[in-house]
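Step one of this worksheet: look at the structure below.
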Amino acid sequence: MNAYYGIYGGQFVPETLMRALRELEDAFVQFKKNKESKRKFQYYLKNYAGRPTPLYLAENFSNYVGAQVYLKREDLLHTGAHKLNNTLGQILLAKFMGKKRIIAETGAGQHGVATATAAALLNMECVVYMGKKDMERQAPNVDRMKLLGANVVCVEKGSMTLKSAINEALRDWVKNVQTTHYLIGSAVGPYPFPEIVKYFQSVIGKEAKKQIMEQNGKLPDSVVACVGGGSNAIGIFSGFVKYKDVELIGVEAGGESLELGKHSATLTMGRPGILHGALSYLLQDEYGQVANVHSVSAGLDYPSVGPEHSYLKDNGRVKYDVCFDNEALDAFKLLSKMEGIIPALESSHAIGYVVEHKDRFKNRVVIVNLSGRGDKDLGIVKQIRG
Ligand SMILES: *Cc1c(COP(=O)(O)O)cnc(C)c1O
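1 is the number of the first residue of the sequence shown in our numbering; add one for each residue after it.
Here you go:
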């Protein structure tokens, strides 16, 4: 397989991990061909996680924006977001490889919870690395992970946030690669991770395409998804990317403003650079140091992005734009009131983008990927908006 998307992607890792990546790639090829593995994945998606998730025509919201807006309800998936598709898939893949132990890193804690959940279900030892600062900010998710049986390791080095947690997880993987699978939580990291994560998240796009054909009789005009690392977006886009008439829009966190350090709009404001083993757009300061990022939604707070998105930006197939904190907060309240659906602040960026650009969506059929539910965000919204 080709490890690159155009010039992006690749495997920028220590030599000791090259073998592990090759082993992972080989296993992934076998896993995809293996009927029993596929059957198991389908089984857990349906009976444990609650797939297929509905595609819901949000009538009140549609009337408000003057378009026909369908919501792909990943918020209804077990644990409240799309992340479980990937963690279930990768833990089944790890078992298929004979691994006994799962490690992951988490910033906001959402990926850690999804990993601990699937590890509990499938009886895997689970270690989650988390920066000390993040552990303080996201205490309820730490409690959840512990309840689910995960060992949460507090990282007190460096920035004490996601960046240092990733470094510690990589160090663990180098040391324990024989027994351990490193479960990456978004469509990022060295090849083949972006491909693996897309494969497990592509169920969103497959379902959405089938559902829109049943409900609307034809493909949508546009598909909109928020982009952090890019896994929910690449998952839903994968169902539509070959239909050139379907417009694909990825929405990044514009944060407070597009000044350096105040947003996490990687594709909009970054330039190519290497982080976490891959070449992709990256937010950097004038010296090439990874920039600080900010977003009201912790799940979008990531300075890089999956390499395939960089490719899709350069070749123009996907349009990337931003939604600012304020617009996302407005959308959070609007959808809650109008539809009785509290969207995750991450997903609120996709909703907010449609609201802000309602003129260009007039009379069009739009699918928005509602990547998660927003109950987890009530505290932060209250803190900002009162
Ligand atoms: C983690 C998260 C995201 C961002 O991750 P992607 O890999 O870009 O999908 C978006 N929405 C929700 C609800 C999340 O939990």
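Where is the CB? At the ideal position from N, CA and C, for every residue including glycine.
Keep in mind that this is a model prediction, so the values were computed, not measured.
Please determine whether the Cβ atom of Gly228 lies at a distance below 6 angstroms from any heavy atom of ligand 1.
yes
Straight-line Cα distance separating Pro14 from Lys206
36 angstroms
Tell me where the beta strand (DSSP E) around Asn151 begins and ends.
151-155
Can we say the region 307-318 touches the region 353-370, given the rule of at least three CB pairs closer than 8 angstroms?
no
Assign Pro303 to one of two classes, buried (16 or more other C-beta atoms within 10 Å of its C-beta) or exposed (fewer than that).
buried
Looking at Asn232 and ligand 1, is the gap between the Cβ and the nearest heavy atom below 6 angstroms?
yes
4 or more residues per run - each alpha helix (DSSP H) lying fully within the region 175-223
193-216
Helix, strand or coil: how does DSSP classify Phe324 here?
strand
Is Phe12 buried or exposed, if buried means 16 or more other CB atoms sit within 10 Å of its CB?
exposed
Straight-line Cα distance separating Asp172 from Asp330:
41 angstroms
For Arg22, does the count of other Cβ atoms within 10 angstroms reach 16, so buried, or fall short, so exposed?
exposed
Three-state secondary structure (DSSP) of Met97:
coil
Starting from the C-beta of Ala233, find all residues in its chain whose C-beta is less than 6 angstroms away, skip the five residues before and the five after it, and write them out in chain order.
Ala225, Val227, Gly250
Quick check: the region 189-196 against the region 71-80, are at least 3 beta-carbon pairs closer than 8 angstroms?
no
In chain order, what residues of the same chain have a beta carbon less than 8 angstroms from the beta carbon of Val153, not counting five sequence neighbours either side?
Val127, Val128, Tyr129, Met130, Glu168
So if DSSP puts Ile103 in a beta bridge, which residue, or which two residues, is it bridged to?
Val127, Tyr182
With a cut-off of 7 angstroms, does the C-beta of Glu252 fall near any C-beta of chain C?
No chain C appears in this structure, which consists of one protein chain only.
Mind checking whether the beta-carbon of Ser186 lies closer than 6 angstroms to any heavy atom of ligand 1?
yes
In this structure, does DSSP put Val365 in helix, strand or coil?
strand
Can you give the Cα-Cα distance for Gly9 and Gly386, rounded to whole angstroms?
42 angstroms
Please check the pair Gly158 and Ala104, which I expect to be a contact at CB under 8 angstroms, by giving their CB distance rounded to whole angstroms.
Not quite, the Cβ-Cβ distance comes to about 18 angstroms (not below 8 angstroms), so this is no contact.
Consider the C-beta atom of Glu346 and the heavy atoms of ligand 1; say whether any pair is separated by less than 6 angstroms.
yes
On a CA-only basis, which of Ile166, Ala208, Ala118 is nearest Leu45? Give me that one, please.
Ala118
Check: Gln110 C-beta below 6 angstroms from any heavy atom of ligand 1
yes
Taking Ser371 and Ser347 to be in contact with their CB atoms under 8 angstroms, please state how far apart those CB atoms are, rounded to whole angstroms.
5 angstroms
Check: Ala81 C-beta below 6 angstroms from any heavy atom of ligand 1
yes
Would you say the region 251-258 touches the region 198-216, given that touching needs at least three Cβ pairs under 8 angstroms?
no
Cβ-heavy atom distance, Gly250 to ligand 1, below 6 angstroms
no
Roughly how many angstroms lie between the CA atoms of Val365 and Ala278, to the nearest whole one?
35 angstroms
Would you call the CB atoms of Arg73 and Tyr56 closer than 7 angstroms?
yes
Supposed close pair Ala114, Leu84 - CB separation, criterion 8 angstroms:
5 angstroms
Using alpha carbons as the reference points, say which of Met18, Asn63, Gly89, Tyr70 lies closest to Tyr43.
Gly89
On a Cα-Cα basis, can you pick out the residue from His181, Asn315, Gln110 that is closest to Glu125?
His181
Helix, strand or coil at Ser231 according to DSSP, with G and I counted as helix
helix
Does the beta-carbon of Ser371, which I'm using as the reference point, lie nearer than 6 angstroms to any heavy atom of ligand 3?
Ligand 3 is absent from the structure shown, which contains only ligand 1.
Look up Val251 in the DSSP assignment and say whether it is helix, strand or coil.
strand
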